[in-house]
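Have a look at the structure below, then the notes.
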Amino acid sequence: MTVAPQRFPLTVLDDAQTVARHVARRVVADRLALTPRPLGLATGATMVPVYEALVAEAWKLPASQRQRLQQKWRSYNLDEYLGVPPHHPGSFAFFMHDRLAGPLQLDPATVRLPDGMAADPLGEARRYSAEIHAAGGIGLQLLGLGLNGHVGFNEPPCAATASCRPVELSPETRRHNASAFGGDPAAVPSQAITLGLAEILAARRILLVVTGAAKAGVLRRMLQAEPCPQLPASWLQRHPAVQVIADRAALGATGA
Ligand code: GLP
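Numbering (the working numbering), first residue to last: 10 to 265.
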């Protein structure tokens, strides 16, 4: 089902698994393009079934196509916690290795993230942004939606011009992400490096993936709000090729 809301192109599918398969097929098609640009990737619970479906789709491909996908892989994650080493199960580097790079047998060097252990986080943020720019910029960008309207770790309030930088995480975000840190919000790092809205809005195409009833309130706000710093995801309305892919549960409270 595709409906046309006022502010965003929105595709609504039955459930999170259907959303995951849809997104995975879009990613595979993007990767098999003749000269794919780097892929922009997110972490979080929303992406778990997406990467499962992506791995399954990739292994269904004829061997020659799968090898092309593997050999041409280049992805850049949105964010990483500060002070958490890549082998820590709470790090996004671990998540990406565990959920994607390992099962898909990707060269780990082609699955890029900011270095959360960098001695100079601001310098690392600038280096990471410059690396993406030098690689030709992001082609297809996957995004999840934070409960407070963040994308990446761009917590409200956030300007559309914010670029890659170290940020403070809100208590709400640390609570939401506590499961990877033994369930203790205080164990979740209080800082991270994130791509900014500037780099996100520079992607050629954006897929914002929203599933589950818990996101219904923030999704409704985002679909209706004027772009504003209090709801960082609302800046995506300014992008010429953004699409929201949601399941029915996430649309639950919209009446759509
Ligand atoms: C996290 C990440 C985002 C993610 C979002 C939604 O904190 N920094 O990249 O997309 O918040 O997370 P979830 O899918 O777990 O709801």
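Note that beta-carbon positions come from the ideal geometry of N, C-alpha and C, so glycine has one too.
Cβ-heavy atom distance, residue i to the ligand GLP, below 8 Å
i, result
"Val32", "no"
"Thr55", "yes"
"Phe17", "no"
"His185", "yes"
"Ser226", "Before going further, note that residue 226 is Gly rather than Ser in the sequence given. No; taking the cut-off as 8 Å, the Cβ of Gly226 has no heavy atom of the ligand GLP nearer than that."
"Val160", "yes"
"Leu156", "yes"
"Ala51", "yes"
"Thr20", "no"
"Asp24", "no"
"Gly191", "no"
"Ala201", "yes"
"Gly153", "yes"
"Asp88", "yes"
"Thr182", "yes"
Continuous beta strand (DSSP E) stretch holding residue i: start and end
i, result
"Arg214", "214-219"
"Gln252", "251-256"
Cross-strand partners of residue i (DSSP beta bridge)
i, result
"Ile141", "Answer is none; Ile141 lacks a bridge partner."
"Arg121", "Tyr85"
"Ala223", "DSSP output for Ala223 lists no bridge partner at all."
"Ile202", "Glu89, Pro175"
"Leu113", "According to DSSP, Leu113 bridges with nothing at all."
"Leu240", "Cys237"
Distance between beta carbons of residue j and residue i, contact taken as under 8 Å
i, j, result
"Thr187", "Val176", "Note that residue 187 is Ala in the sequence shown, not Thr. Between Val176 and Ala187 the Cβ distance is about 18 Å, and since that is not below 8 Å, they are no contact."
"Gln150", "Ile209", "6 Å"
"Ser84", "Thr119", "7 Å"
"Phe17", "Val218", "The Cβ separation is near 13 Å, so there is no contact."
"Ala225", "Ala250", "Actually they do not touch by this definition, with Cβ atoms about 25 Å apart."
"Glu89", "Pro123", "4 Å"
"Cys173", "Gly205", "5 Å"
"Leu152", "Phe162", "Not really, about 12 Å apart at Cβ, beyond 8 Å."
"Met126", "Pro98", "The Cβ separation is near 15 Å, so there is no contact."
Unbroken alpha helix (DSSP H) run spanning residue i, endpoints
i, result
"Met105", "101-105"
Cβ-heavy atom distance, residue i to the ligand ADP, below 8 Å
i, result
"Leu206", "Ligands in the displayed structure: the ligand GLP; the ligand ADP is not one of them."
Within the segment 12-98, ranges of the alpha helix (DSSP H) (whole runs, at least 4 residues) | DSSP runs (the alpha helix (DSSP H)) wholly in the segment 12-98: 25-40, 56-69, 72-80.
What beta strand (DSSP E) runs, 3 residues minimum, are completely inside the segment 149-192?
-> Listed in chain order, the complete beta strand (DSSP E) runs (minimum 3 residues) inside the segment 149-192 are 149-152, 174-177.
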